[in-house]
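Asker: Got a structure for you, questions after.
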Amino acid sequence: MLLFLGKCSPMTSLTVLISTLLASSVGALEIPTETDLLESKNSFGQVTSVSQLRDVSPNDWAFEALRSLVERYGCIVGYPDRTFRGNRALSRYEFAAGLNACMQQIERLIASSESILKEDIEKLKRLMVEFETELATLGARVDNLEGRVAFLEDHQFSTTTKLSGEVIMSLASAFNSDTSSYDGLTKRANPVNENQAVFSYRSRFNFDTSFTGKDRLRVRIQAGNIRAFDGNTDMTRLSYDTNTDNDVVLDDLFYRFPIGKKVTAFVGTNAMNIDKVFDVDNPYLESDSTGTLTRFFRRNPLVFRGPEGTGGGIKIKLNDQWNFNTLYLARNASSPEEGKGFFNGAFSTGAQIGFSPSQPVKLSLAYLYTYQPQGEVNLTDSTGSPIGRDPFAGSASNAHRVGLQGSWLIANKVNISGWGGYASADNLQRQATGRGSRDNTQLWTWAANVSFLDVGKEGGILSFAGGMPPKDSDDRNTSYLLELQYKYPVSDNITITPGAYVVLNPNHDSRNDAVWVGVVRTTFKF
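The opening position of the sequence shown corresponds to residue -12 in my numbering, with each subsequent residue numbered one higher.
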């Protein structure tokens, strides 16, 4: 549920939120009238405390405790126009209605493996005891208060850690891939034949731990056998290819935490990637599990891919419209060998400025500087041609990269996203002949996509995408990648995405025939 506080003070907001809950026709609790109460057992029972005779004011401990639960777990929602009406203390029965809503919401969160802070369970215990009479009068399920709290405590993986999982099952086949025998310069003597249909998987388990309720320590383990369709061109790679030879390996290991109200910091030692700090602005195709089927269409490869893995970054919310992000990431930070380590090996550093003039529109401009030593150069992160990937035949290279990207959600029914990217790379170890003798090169890329929302059923998304994979200034011709897919949600936990994509002039060489790839991806989340 979404909690809107608008311009009301926190205390006023809770008052009117619960008033809204009582006024709502959906799931509202009936508050007993004075007549109802008088008819119940013909009279009121003797109160055990003077406090039972008064309303709950915004200055009371109980009021503040419930407000904190509402803010943290979204127990109560406001009016559709995000406004609230009313400014008064709550009766004990009104307060109990809000408390019951929070208890039900927290039970739902725990049932879906969400983490609930231990201190909040303690608050619930105290509130449930203090308002036992009112909860019982409202008909709330309080016959066994200890049993209900025990449910909250016992049905958690951990009081601080949430366990979630994801499994992808993929059926895919490339057609005509063995005809891409030209790499932009020469013809391969024995092009790889990867035209067979393959059925493969990827599984992930995430352990998300919060120590304060606002931070997150992510530990992810994964295993998979999804090979890259890259025998003759990187342009046909799947977005979710992961091949660990079925071994379980560590993937994400990072910590995200707030600094004040407007700054979020990141630090990670494994799989700490650029897109964890920078905003990709490609909301419906970015995900590798439920978004695009191709590696290229996930994000702008010239600014959101590069040497990464270990390091940190900061996201700063300047105001409601502007934000600023910056990062420093290294590839071989754990190695003490010469030419490696946190500062002397391959690294990426840069900054991004984002602008959102209105909620449906987002724009950002990103700059990234990268250094890649000899033998480790991959300027396109395996999304373009062989020339663009390693333009200087193995020589060390640095690159200045710029990307402009944005998205526009129209009437909550259609989303348009796109990007343009440019990179200027220098040869740091010039050779006497061949590509290694070049001093500099430029790379370009662009893409656009449109997604139609709620097609066929709620949550169904039909997407079209087209673009040019990163192209080096020395590439012979121009490649184009086109994709069509339909994301069909079978349930809240199962999604099936059938689709197909085609690469025209693979490797930016018109001598290569088009390569087609058909995919059916099934994703389970739990």
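Beta carbons: idealized from backbone N, C-alpha and C, even for Gly.
Just how far apart, CA to CA, sit Q91 and W48?
Answerer: Taking the first residue of the sequence shown as position 1, residue 91 is located at position 104. Taking the first residue of the sequence shown as position 1, residue 48 is located at position 61. Cα-Cα distance, rounded: 21 Å.
Asker: Using DSSP's beta-bridge definition, name the partner residues of K302.
Answerer: Along the sequence shown, read from residue 1 onward, the residue named residue 302 stands at position 315. Bridge partners of K302: T251, N312.
Asker: Could you have a look at P493 and say whether DSSP puts it in helix, strand or coil?
Answerer: For the purposes of this step, residue 493 is identified with residue 506 of the sequence shown, where counting begins at 1. Three-state DSSP puts P493 in a helix.
Asker: Quick one: measure Cβ to Cβ for L104 and G200, integer angstroms, because I've assumed they're closer than 8 Å.
Answerer: Stepping through the sequence shown from its first residue, residue 104 is reached at position 117. Stepping through the sequence shown from its first residue, residue 200 is reached at position 213. The pair is a contact, with the Cβ atoms about 5 Å apart (cut-off 8 Å).
Asker: Near D496, what residues of its chain come up, given a Cβ to Cβ distance below 6 Å and the 5 sequence neighbours on each side ignored?
Answerer: The residue labelled residue 496 in the question sits at position 509 within the sequence shown. Answer for D496: Y169, G171, R463, N464, listed in chain order.
Asker: Can you tell me which of the three DSSP states E153 falls into?
Answerer: For the purposes of this step, residue 153 is identified with residue 166 of the sequence shown, where counting begins at 1. Note: E153 maps to strand in three-state DSSP.
Asker: Considering only residues of the same chain and omitting the five flanking positions on each side of K400, which have a CB-CB separation below 6 Å?
Answerer: The count along the sequence shown starts at 1 and reaches residue 400 at position 413. Cβ within range, chain order: L440.
Asker: Under 6 Å Cβ to Cβ from A410, same chain only, skipping five residues before and after it: list those, please.
Answerer: Looking up residue 410 in the sequence shown gives position 423. L289, A386, R388, L430, listed in sequence order.
Asker: Can you name the start and end residues of the beta strand (DSSP E) that M455 belongs to?
Answerer: Here residue 455 corresponds to residue number 468 of the sequence shown, with the count starting at 1. Start and end: 448 to 459.
Asker: Excluding sequence positions up to five away, which residues of its chain have a Cβ less than 7 Å from the Cβ of D520?
Answerer: A question about residue 520 goes unanswered here, because the residues of the chain that appear run from -12 up to 513.
Asker: Going by the beta-carbon positions, is the gap between D275 and Y227 smaller than 7 Å?
Answerer: Residue 275 sits at position 288 when you count from the first residue of the sequence shown. Residue 227 sits at position 240 when you count from the first residue of the sequence shown. In contact: D275 and Y227 (Cβ atoms closer than 7 Å).
Asker: Roughly how many angstroms separate the alpha carbons of D500 and Q308, rounded to a whole number?
Answerer: Numbered from its first residue, the sequence shown carries residue 500 at position 513. Numbered from its first residue, the sequence shown carries residue 308 at position 321. Using only the alpha carbons, I get a separation of about 46 Å.
Asker: Our contact map puts N312 next to D266 with C-beta atoms below 8 Å; I'd like the distance itself, whole angstroms only.
Answerer: Within the sequence shown, numbered from 1, the residue matching residue 312 stands at position 325. Within the sequence shown, numbered from 1, the residue matching residue 266 stands at position 279. So it is a contact: roughly 7 Å between Cβ atoms.
Asker: Taking DSSP's pairing of strands, which residues face P245 in a bridge?
Answerer: Taking the first residue of the sequence shown as 1, we reach residue 245 at position 258. T251.
Asker: Could you tell me which residues DSSP pairs with F186 in its beta bridges?
Answerer: Mapped onto the sequence shown, residue 186 falls at position 199. Beta-bridge pairing links F186 to L158.
Asker: From this set, Y60, I301, T229, which residue's C-alpha is nearest K248's C-alpha?
Answerer: Reading the sequence shown from its first residue, position 261 is the one you call residue 248. Of Y60, I301, T229, the residue nearest in Cα terms is I301.
Asker: Please state if the CB of G405 and the CB of A435 are separated by a distance shorter than 7 Å.
Answerer: Against the sequence shown, residue 435 aligns to sequence position 448. Against the sequence shown, residue 405 aligns to sequence position 418. For A435 and G405, yes; Cβs fall inside 7 Å.
Asker: Just how far apart, CA to CA, sit L204 and S438?
Answerer: In the sequence shown, residue 204 corresponds to position 217, counting from 1. In the sequence shown, residue 438 corresponds to position 451, counting from 1. Cα to Cα, L204 sits roughly 32 Å from S438.
Asker: Quick one: what does DSSP say L289 is sitting in, helix, strand or coil?
Answerer: Start at 1 with the first residue of the sequence shown, and residue 289 comes out as number 302. Here L289 sits in coil by DSSP.
Asker: Buried or exposed: D107, going by 16 or more other Cβ atoms within 10 Å of its Cβ?
Answerer: Indexing the sequence shown from 1 puts residue 107 at position 120. D107 should be labelled buried.
Asker: Closer than 6 Å by C-beta to N193: which residues in its own chain qualify, once you throw out the five before and the five after it? Chain order, please.
Answerer: Mapped onto the sequence shown, residue 193 falls at position 206. Within the same chain, N193 has close Cβ partners S151, R207.
Asker: Within the same chain, show all residues whose beta-carbon is closer than 6 Å to that of K512, passing over the 5 residues directly before and after it, in chain order.
Answerer: Sequence index remark: in the sequence shown, residue 512 carries index 525 (1-based). Around K512: E153, N480.
Asker: Please look up how many angstroms separate the CB atoms of F283 and L468, rounded, as I've assumed it's under 8 Å.
Answerer: By 1-based counting over the sequence shown, the position of residue 283 is 296. By 1-based counting over the sequence shown, the position of residue 468 is 481. F283 to L468, Cβ: 6 Å. Contact.
Asker: Classify Q339: buried if its beta carbon has 16 or more other beta carbons within 10 angstroms, exposed otherwise.
Answerer: For the purposes of this step, residue 339 is taken as the residue at position 352 of the sequence shown. Classification of Q339: buried, given that the 10 Å Cβ count is 16 or more.
Asker: Closest by CA to K444, which one among N414, A333, V477?
Answerer: Stepping through the sequence shown from its first residue, residue 444 is reached at position 457. Here the closest residue by C-alpha is V477.
Asker: Ignore the nearest five residues each way along the sequence and tell me which others in N319's own chain have a CB closer than 6 Å to its CB.
Answerer: Numbered from its first residue, the sequence shown carries residue 319 at position 332. Result list for N319: K327, G332, in chain order.
Asker: Hey, how far is the Cα of G393 from the Cα of V348?
Answerer: Numbered from its first residue, the sequence shown carries residue 393 at position 406. Numbered from its first residue, the sequence shown carries residue 348 at position 361. Their Cα atoms are separated by approximately 7 Å.
Asker: Pick helix, strand or coil for K110, following the three-state DSSP scheme.
Answerer: Numbered from its first residue, the sequence shown carries residue 110 at position 123. In this structure, K110 counts as helix in the three-state DSSP scheme.
Asker: Compare the Cα-Cα distances from G85 to each of A412, I97, L122, S343 and report the closest residue.
Answerer: Numbered from its first residue, the sequence shown carries residue 85 at position 98. Measuring from the Cα of G85, the nearest candidate turns out to be L122.
Asker: Cutting at 6 Å between CB atoms, please list the residues of its own chain near T231, excluding the five before and the five after it.
Answerer: Within the sequence shown, the letter at position 244 stands for residue 231. Closer than 6 Å at the Cβ level, and outside the excluded window around T231, lie A210, G211.
Asker: Given a threshold of 16 other Cβ atoms within 10 Å of its Cβ, counted over all protein chains shown, does K174 qualify as buried or as exposed?
Answerer: Counting from one through the sequence shown, the residue named residue 174 turns up at place 187. Per the 10 Å Cβ criterion, exposed.
Asker: Around the C-beta of A412, are 16 or more other C-beta atoms found within 10 angstroms, so that it is buried, or is it exposed?
Answerer: The count along the sequence shown starts at 1 and reaches residue 412 at position 425. A412 should be labelled buried.
Asker: For the candidate residues T279, N402, A398, G381, whose alpha-carbon lies nearest to that of T420?
Answerer: Taking the first residue of the sequence shown as position 1, residue 420 is located at position 433. Closest by alpha carbon: G381.
Asker: Once you ignore the five residues that flank F162 on each side, which residues in its own chain have a CB closer than 8 Å to its CB?
Answerer: The sequence position of residue 162 within the sequence shown is 175, counting from 1. Excluding sequence neighbours, F162 sits near N182, V502, W503, V504, G505.
Asker: Report buried or exposed for A398, applying the criterion of at least 16 other Cβ atoms within 10 angstroms of its Cβ.
Answerer: Here residue 398 refers to the residue found at position 411 when the sequence shown is read from its first residue. Under this definition A398 is an exposed residue.
Asker: Would you mind sorting D426 into buried or exposed? The rule is 16 or more other CB atoms within 10 Å of its CB.
Answerer: Residue 426 sits at position 439 when you count from the first residue of the sequence shown. Flag for D426 reads exposed.
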